Each structure stands twice: as structure tokens, then as C-alpha cells.
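So the structure is just underneath, and the comments pick up after that.
Chains as they are written, first to last, in my numbering: chain C, 1080 to 1152; chain P, 603 to 1016; chain Y, 316 to 482.
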């Protein structure tokens, strides 16, 4: 319980200091916006690959993510 | 029933409350954040053909996806997926059954809603085959923070499955769905993810997922084996008995690095543990190489996976009902697998073609090698005892097999 | 008077602070920092030369989806209002201009495109979103700042252009 409160408190603190200056400027994100830097450029393919492994292994979960890209708007 | 396995889902009520609290904070923060916006996924259509061949099993079929933005605020996608299965796997052969054919169809609909720097997502998946139905509903939220260098995402899924089985109709002799057998499985899944841009060329993600299953968790066709009382060289089969709950935790760290000559390096590690006693490690590395300014893109990757067996798993029990829970699913055994992938993509219509902005043709080939350390190839003890290849039950060689996986797909962005 | 690195850092910090505060309100009135950049047509363009005109500076990159989306609309605005004393500068922020050139070959525009390959002007104007659009009035003051682009924003751009042209 204490650990969870600590995590929650840190999330709130981080939200409060939303004015941390980004050290990678939006005009410096050319590499990150490149499609080869995407974690999930081909969703149908990734979903199938995950299914192949999950159906044959004991482990499951913690696949997939959001974020990166051009950081536009 | 052992207390460790009979854990009820009360701990998960707390988890849901905590998750809702974190979600609430993020939503509140999103409400007061400046009203500039993130970006929705691009409009696209993909048609894929997949084929798996390995261990006596062939599964192939299509997967079709369409995604479209609406009013610049919503993005909706729909996916149709099919598995056409022909299976004479080692499980089928061990049980003396004959090769079977089966079809599984899966539909998925997903809706993204973008408001400021927050994306809300709802997702519904339905899967159907003659002896198994599964439905999953997912809700997710993702938020860009700190000048878009950080993205936090939360997800919650609820699944409900119905497990049935086919049997031989005594009157017609044909395979029918057994009307007397129907069991349920409930599943809850909680996900937290953080994606962090570290430098102009490096992005990392950290993900955590907790999944709880409750209900009929074994396969009604699969059996455990025990030493035959009359002849210790042979084995007999009985239906597996599994615990009614399973809770798993997985944590994964991934990174992608941009090489200055324009290529990408990817790496990842996932640690998994669950209440059935399984611990697993997954390592992966990958390299993506665009060929200069040509339309070609090549990819190569390697994945290593290993796990130890579930507490109630054994390849061969000494007698029937030796334990409260018994399993012989090779998925729950101690094994490792290695996968090598090579892939090629060709981009065409780079400058547009009608309403299509760009398109690509892609081929991926995976070679997967499975190596079992405590799952034996029971077919050796099914041979005639006079056969020089015969091995008594419990002394058969450990099972190993390789699989070839192909994917061919076309994508178009519009 | 030559600008030392400290002076220009102080200048952009002060400018950034004013812009940050005033951008909360959406409007501001602070001096637009002057700059000179090479243009696509081969010559150099400096902000000083454009005093007396309403200037719209659009910071863009070829890899930025919303930037590509708004280009044709900016071109229309430029064609319509440039006879009335309006000009639009498309400042490309990429270190290597070849991707920008490739995009412009497929999506040609008539407004001047400048290359800020060292990101000096992006830093000067404290660009913190892609695309960013700055409106400068005839006196050389920054009046409006837009972060990002969503379809429909061009309506607001037109209103602000017309308002500034009337002054």
C-alpha cells in the first residue's frame, strides 16, 4: 500500500512540474519521426507475430507501446 | 484444493481502484494541460497472408485491416483475421487421435479519440471456432507529457471465454460439438506503459502488465500421462486438472536507436512470472536497414526465449491423481526457443498514386527452434517394444522441433 | 554592435519568457527578433527588409505530418493576400535540406522558403511545437503565436491576417 501511494504521489508531483524544459526540441525530432524508428510500423504483422509466440509459450503480456514519433501539435 | 492456487480475485479489486485513481489523475491533468494536440494514427489498409508450419501443425490464413480518421478527432479501425488449422501435432499423435482440421475467425474493432495530448481508446475483439469462443473488451488512455518526450499509457481489458469440446457423435460417427460440455473463463488485464525519448536518436519504453484468469484453464483435449500400472515401460492418459486461477506479471524494457547513416537498432527484454511457478525471460535484438534512397528496406532480428516449468507440470507422473493439479502441456514445461527473422519491404507509389499516399509490399520469414528440457517425445514409447527405436516411457528423448513462419502483406496509406 | 553568445542567449531567454507568458493569452506585443536566412531561390532574406508588411513565419519540416497538411492552405493565403502587403516565410528547420527539396518538388509553393539548418532562428523564436506559426505586424512586433496545426486553424489564420492588414 505504501509503495502504491509513493508511486501515485510521484505521478502527481511530475504532473505538477509539467514545465520541465524538453531537452530534445520539436525541430530536432527528425530521426524519431522516421518510420524505421517506430515500434509498431506494421500493426497487422506485429499482432500476428505476438499471437504466434503467445499461443506456444507460457509467458504473456507487456507487449506494445505508444509514444515517440514526430511530437507534432 | 491447495490454497496457493485457489486465490480469489479480491486483490484485484484493490488493483482496479488504484488504477482508476491513477487514471483519474491523468485525466485531470489532461484537462488543465494546454490545448495543443497530439497526432492520430495514419489512415491505412493492410492485407496479410500468414502461414505457420512446424511440429506437425500447419496454420494459415488472412488478416485484413482498415483504419480511417474521422473529423480529425477520431480514428476507427477494423480487423478480420482467420486461422485455418490442420493439426497432427505431437499432442494429437500421443493421444492416438487423428489429424484434425479447424477454422478460427476473429473480428476486432477499435476506436481512438484524440483530445489535446490525450488519446482514449476502446477496443472489442471476438474470436470464434467450433469449440472455443472468446470476447475481449479493452479501454486505454495515453497521455503525452514534458514537451512530448514522455508518453504514459494505461490499459484495462476484460475477457470472457467459453470453452467447449468436440466429440464423436455415437449415431452418425461424425465430429460434433459436445452439448454436455461448456465451461467459462474470465480474464482481467491491467497495463501501464511509459515511453521516454532520451536523445534525438534514442527512445525507450517500459511496460508492466498484470493478467488474471479465472475458470476452466486447461485444454479439454489434452491429457497428462502416468506410468501404466501393468507395464512400467508404457503410459496411460487422463484429462489434465488445472488450478482455477492464474495471475501473471510481466515487465518489459525496449529501446530503439537511430544510426546516423539511417538505420535502426532495436533491443528488448521481458521478465515474466506467474502464480503457477513459471518464470520466463525474453531477449530480442533487431536491425532495420533502408537501402540508400532506393525503395528497399531490410530487417533482421533475433529472439531468445526461455522458461521453467509450472509447479504442477510433469512429463510423466508415477500414478493417476498423484497431485491435486497435473498438467502435461508443453507450453508449461521447461524449454527455450530461438527465432531468427529476415524481412524485406518494397515501397512503391512513393510520390502518391491517386488517393494513395504511399504503399508497400512486405515479406517476413521467421525460423523458430523449440528445445524442450522436460517434455519428452512420447511417440517413442508408443512404438512396438521390439522396434530398435522404442524407448520406455520416461526415457524417450526430449522433444524439439522447428517451425517456419511466413508473412506476406501489402499496405497502403491514404 | 556585435552580439556575444551571452547577449543573444539573454535576448532569446527574455523573448522566450515574454512569449511564454503572452502565449497563454494567445496574443502578445514584443519585438520580433531579426534574422537573415538563405532562401530556396538562392538569395538571402532578412526580416528587417520586410518592415511595413504583415509577416507570417511558419516553421515546418518534411517529416511533420500536420506541416505537410497545412502547406497548400498557406500557399493559398500567400497568393491571395501578398498583393495587399502580406508575406509568408516558410522556415524549414531541417539540418539537411534534401528531404525538404523533395517535398517541395512534389508539393510546390509560391511563398519564400528559407533554410534554418542550424536552428538559430528556431531557438530565437523559442519554437516548441511543430509546426509553429508566428504573426508579425507592420511595426515588427510579434502579435500571435500558433502551436501545432489542426484542420480548421486556417480560419483563425485568415482572421488574424485580415486584422493585421487593416492596421
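Even for Gly, the Cβ is constructed at its ideal location relative to N, Cα and C. Source: prediction; values computed, not measured.
| field | Nearest to residue 767 of chain P (by Cα), restricted to the options P/784, P/756 and P/775 | value | Indexing the second chain from 1 puts residue 767 of chain P at position 165. Nearest C-alpha to residue 767 of chain P: P/784.
| query | Is DSSP giving residue 679 of chain P helix, strand or coil here? | reply | Taking the second chain and counting its residues from 1, one reaches residue 679 of chain P at position 77. Three-state DSSP puts residue 679 of chain P in a strand.
| request: Take residue 910 of chain P and list the residues in its own chain whose beta-carbon comes closer than 6 Å to its own, dropping the five residues that flank it on each side. | output: One-based indexing of the second chain puts residue 910 of chain P at position 308. The answer, listed in chain order, is 881 and 936.
| Terminal residues of the continuous alpha helix (DSSP H) containing residue 437 of chain Y? | Taking the third chain and counting its residues from 1, one reaches residue 437 of chain Y at position 122. Counting along the chain, residue 437 of chain Y sits inside the alpha helix (DSSP H) bounded by residues 435-439.
| Between the C-alpha atoms of residue 895 of chain P and residue 692 of chain P, what's the straight-line distance to the nearest angstrom? | One-based indexing of the second chain puts residue 895 of chain P at position 293. One-based indexing of the second chain puts residue 692 of chain P at position 90. Rounded to whole angstroms, residue 895 of chain P to residue 692 of chain P spans 48 Å at the Cα level.
| field | Buried versus exposed call for residue 407 of chain Y [16 or more other C-beta atoms within 10 Å across all chains shown] | value | By one-based count along the third chain, residue 407 of chain Y stands at place 92. Counting Cβ neighbours within 10 Å, residue 407 of chain Y comes out buried, since at least 16 surround it.
| query | Hey, residue 853 of chain P and residue 810 of chain P: beta-carbon distance below 8 Å or not? | reply | Here residue 853 of chain P refers to the residue found at position 251 when the second chain is read from its first residue. Here residue 810 of chain P refers to the residue found at position 208 when the second chain is read from its first residue. It is a contact, given that the beta carbons lie within the stated cut-off.
| Under 8 Å between the Cβ atoms of residue 1006 of chain P and residue 685 of chain P? | Start at 1 with the first residue of the second chain, and residue 1006 of chain P comes out as number 404. Start at 1 with the first residue of the second chain, and residue 685 of chain P comes out as number 83. At least 8 Å separates the beta-carbon of residue 1006 of chain P from that of residue 685 of chain P.
| said: So for residue 856 of chain P, helix, strand or coil by DSSP? | reply: Here residue 856 of chain P corresponds to residue number 254 of the second chain, with the count starting at 1. Three-state result, residue 856 of chain P: strand.
| Which runs of the alpha helix (DSSP H) fall wholly inside the segment 645-693 of chain P and span at least 4 residues, in chain order? | Within the segment 645-693 of chain P, no complete alpha helix (DSSP H) run reaches 4 residues.
| field | Coarse secondary structure for residue 348 of chain Y, derived from DSSP in three states | value | Taking the first residue of the third chain as 1, we reach residue 348 of chain Y at position 33. It is coil, neither helix nor strand.
| message | Using only CA atoms, which one of P/837, P/669 and P/739 lies nearest to residue 984 of chain P? | response | By one-based count along the second chain, residue 984 of chain P stands at place 382. Considering only alpha carbons, the answer is P/837.
| message | Just to confirm the assignment: which complete beta strand (DSSP E) runs, minimum length 3, are found wholly within the segment 900-968 of chain P? | response | Restricted to the segment 900-968 of chain P, the beta strand (DSSP E) segments that are unbroken, complete and at least 3 residues in length are 937-950, listed in chain order.
| task | Note the first and the last residue of the continuous alpha helix (DSSP H) segment covering residue 385 of chain Y. | result | Within the third chain, numbered from 1, the residue matching residue 385 of chain Y stands at position 70. 380-396 is the span of the alpha helix (DSSP H), which, as asked, contains residue 385 of chain Y.
| field | Given 8 Å, three or more beta-carbon pairs between the segment 989-996 of chain P and the segment 919-935 of chain P | value | In short, these stretches do not touch, since the Cβ pair count stays below three.
| request: Quick one: give me the first and last residue of the beta strand (DSSP E) that residue 479 of chain Y is part of. | output: Position 164 of the third chain holds residue 479 of chain Y. Element bounds for residue 479 of chain Y: not the beta strand (DSSP E) but the alpha helix (DSSP H), 468-481.
| Who are the Cβ neighbours of residue 843 of chain P in its own chain at under 6 Å, not counting the five residues just before and after it? | In the second chain, the residue the question calls residue 843 of chain P occupies position 241. In the same chain as residue 843 of chain P, and ignoring 5 residues on each side of it, the C-beta atoms closer than 6 Å to its own belong to 927 and 928, in chain order.
| task | Show which residues of chain C have a CB atom less than 7 Å away from the CB atom of residue 412 of chain Y. | result | Numbered from its first residue, the third chain carries residue 412 of chain Y at position 97. Under the 7 Å cutoff, chain C gives no residues; its nearest Cβ is about 12 Å from residue 412 of chain Y.
| Backbone secondary structure at residue 338 of chain Y - three-state DSSP | Here residue 338 of chain Y is taken as the residue at index 23 of the third chain, counted from 1. Low per-residue confidence applies at residue 338 of chain Y: pLDDT is 48, beneath 50, and the placement is therefore not dependable enough to give any value.
| Closest to residue 649 of chain P by CA distance: which of P/777, P/668 and P/803 is it? | Taking the first residue of the second chain as position 1, residue 649 of chain P is located at position 47. Ranking P/777, P/668 and P/803 by Cα distance to residue 649 of chain P puts P/668 first.
| message | Strictly under 8 Å for the Cβ-Cβ distance: is residue 1122 of chain C near chain Y by that measure? | response | Here residue 1122 of chain C is taken as the residue at index 43 of the first chain, counted from 1. It does not: the Cβ of residue 1122 of chain C has no partner Cβ on chain Y nearer than 8 Å.
| message | Need the endpoints of the beta strand (DSSP E) that residue 642 of chain P sits in, please. | response | To locate residue 642 of chain P, count along the second chain from 1; it is residue 40. Run containing residue 642 of chain P: none; DSSP gives neither H nor E here.
| task | Can you tell me the Cβ-Cβ gap for residue 938 of chain P and residue 907 of chain P, rounded? I've got them flagged as a contact below 8 Å. | result | Translated into positions along the second chain, residue 938 of chain P becomes position 336. Translated into positions along the second chain, residue 907 of chain P becomes position 305. Taking the Cβ atoms as the reference, residue 938 of chain P lies roughly 6 Å from residue 907 of chain P, within the contact range of under 8 Å.
| message | On the criterion of 16 or more Cβ atoms from any shown chain inside 10 Å, does residue 724 of chain P qualify as buried, or is it exposed? | response | Here residue 724 of chain P is taken as the residue at index 122 of the second chain, counted from 1. Of the residues assessed, residue 724 of chain P falls on the exposed side of the cut-off, its CB having fewer than 16 other CB atoms within 10 angstroms.
| request: Identify every residue that forms a DSSP beta bridge with residue 800 of chain P. | output: Within the second chain, the letter at position 198 stands for residue 800 of chain P. Per DSSP, residue 800 of chain P has no beta bridge partner at all.
| task | Step through the CB atoms of chain P and report whether any lies within less than 8 Å of the CB of residue 1127 of chain C. | result | Indexing the first chain from 1 puts residue 1127 of chain C at position 48. Judged by the 8 Å Cβ criterion, residue 1127 of chain C is in contact with chain P.
| Using the rule of at least 16 other Cβ atoms within 10 Å of the residue's Cβ for burial, across every protein chain shown, is residue 652 of chain P buried or exposed? | Position 50 of the second chain, counted from the start, is the residue given in the question as residue 652 of chain P. Buried is the call here.
| Going by C-alpha distance, which of C/1149, C/1118 and C/1138 is nearest residue 877 of chain P? | The residue labelled residue 877 of chain P in the question sits at position 275 within the second chain. Nearest to residue 877 of chain P by C-alpha distance, out of C/1149, C/1118 and C/1138, is C/1138.
| field | Residues near residue 818 of chain P by beta carbon distance below 7 Å, same chain, minus five either side | value | Your numbering for residue 818 of chain P matches position 216 in the second chain. These residues qualify, in order along the chain: 765, 785, 786 and 787.
| Once you ignore the five residues that flank residue 666 of chain P on each side, which residues in its own chain have a CB closer than 6 Å to its CB? | Counted from its first residue, the second chain places residue 666 of chain P at position 64. Here the set comprises 649 and 682.
| What is the DSSP secondary structure of residue 767 of chain P, reduced to helix, strand or coil? | Walking along the second chain from the start, residue 767 of chain P turns up at place 165. It is coil, neither helix nor strand.
| query | Does the segment 821-836 of chain P touch the segment 1116-1128 of chain C, meaning 3 or more C-beta pairs lie closer than 8 Å? | reply | Here the segment 1116-1128 of chain C does not lie against the segment 821-836 of chain P, with fewer than 3 beta-carbon pairs under 8 Å apart.
| Euclidean distance between Cα positions of residue 395 of chain Y and residue 373 of chain Y | As a first step, residue 395 of chain Y must be located in the third chain, where it is residue number 80. As a first step, residue 373 of chain Y must be located in the third chain, where it is residue number 58. Spanning the alpha carbons of residue 395 of chain Y and residue 373 of chain Y requires a straight line of approximately 17 Å.
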